[in-house]
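Q:
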Amino acid sequence: MNGKKITWKTARLIAGFSQKDVAKALQKLGISEFMVGYYERKPDKMPMFMASALCHLYEIPISDIFLDFKSTVSRTKRKGE
Numbered sequence: 000m001n002g003k004k005i006t007w008k009t010a011r012l013i014a015g016f017s018q019k020d021v022a023k024a025l026q027k028l029g030i031s032e033f034m035v036g037y038y039e040r041k042p043d044k045m046p047m048f049m050a051s052a053l054c055h056l057y058e059i060p061i062s063d064i065f066l067d068f069k070s071t072v073s074r075t076k077r078k079g080e
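In numbering that gives the first Met the number 0, the protein residues as written are 0 to 80.
#1: Expressed to the nearest angstrom, what Euclidean distance is found between the alpha-carbon atoms of LEU25 and HIS55?
#2: Taking only the alpha-carbon atoms, compute the straight-line gap between PHE65 and LYS19 and give it to the nearest angstrom.
#3: Among ILE61, ALA52 and SER17, which one has its Cα closest to the Cα of PHE33?
#4: Closest to ILE5 by C-alpha separation, out of LYS27, PRO42 and ALA52, would be which residue?
#5: Determine, using beta carbons only, whether ALA22 and TYR57 come nearer to each other than 8 Å.
#6: Rounded to whole angstroms, what is the Cα-Cα separation between LYS27 and ALA52?
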């Protein structure tokens, strides 16, 4: 890529898949169409095995994906202060 990070949804669309296509491709892992959408909206909840499977399916390295974990850290800091 060009150094810019993309979301899981953008990666899926660039690869030419619908959520239904992804669920069908990953059905052996127990991934449903609902789960694909859920984890696109909440990437910080995605299990590592699914992230790895998606990278393989989309033919991209995990380093190209934007993973927003700062919101969790910010909430933790506020609670601990």
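Where a beta carbon is used, it is the ideal one built from N, C-alpha and C, also for glycine.
A: Judging by the given coordinates:
#1: 11 Å
#2: CA-to-CA, the gap between PHE65 and LYS19 works out to about 22 Å.
#3: Per the Cα distances, SER17.
#4: PRO42
#5: no
#6: Rounded to whole angstroms, the separation of the alpha carbons of ALA52 and LYS27 is 11 Å.
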